Every structure is written in structure tokens, then in C-alpha cells.
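J.: Mapped onto our numbering, the consecutive letters of the sequence shown carry residue numbers 6 to 77.
Where a beta carbon is used, it is the ideal one built from N, C-alpha and C, also for glycine.
Here the structure is a predicted model, which is why all the values come from computation and not from measurement.
What follows is a structure written as C-alpha cells; I'll ask about it next.
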Amino acid sequence: VAGDDTPGIAANDVAGWTEALRRAAEDPAWLEPQRLHGPARAAQFTWDKAADGMIRTCQMAMGAPLERTAAA
């Protein structure tokens, strides 16, 4: 989800997240790529895409196709 401009930190890596937050607070140059590319990366995620993914997951779990038309 985070993209190429973010540090690859595992969700349960407390030390890694602590260091990343410290560095973000203390080193503006390190944070700049995230600031520049964050909005474009966030725009790639929509509620429609999330719903489509959930429907596909349900289809696979149930073994039966569910129809959904894409939102305009």
C-alpha cells in the first residue's frame, strides 16, 4: 500500500516504526519523497476498488460468481 517512497517496515516492528517516526520528525529531507508522492499514491485507492476487491474475495470463498457493475 505504501509504495516505493516509504520505508519497508513490518506492521509489528516497534523499533522500526519508532525509528521512522523519529527520523520523520527530525529529518525533513528524508520525509520529502513521501510528502511529494503521497497524494498521488493515495488517489490510487478508492471505495469502489475496495468494494470490488471484497466482492472478488467473497466470490472465491463461496465458489460462486457475484455480479456487480462498476460505478461510473
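#1: Rounded to the nearest angstrom, what separates residue 46 and residue 68 at their Cα positions?
#2: Which two residues bound the contiguous alpha helix (DSSP H) that contains residue 53?
#3: Tell me which residues share the same chain as residue 17 and place their Cβ nearer than 6 angstroms to its Cβ, disregarding the 5 neighbours each side in the sequence.
T.: According to the structure shown:
#1: 33 angstroms
#2: 52–67
#3: none
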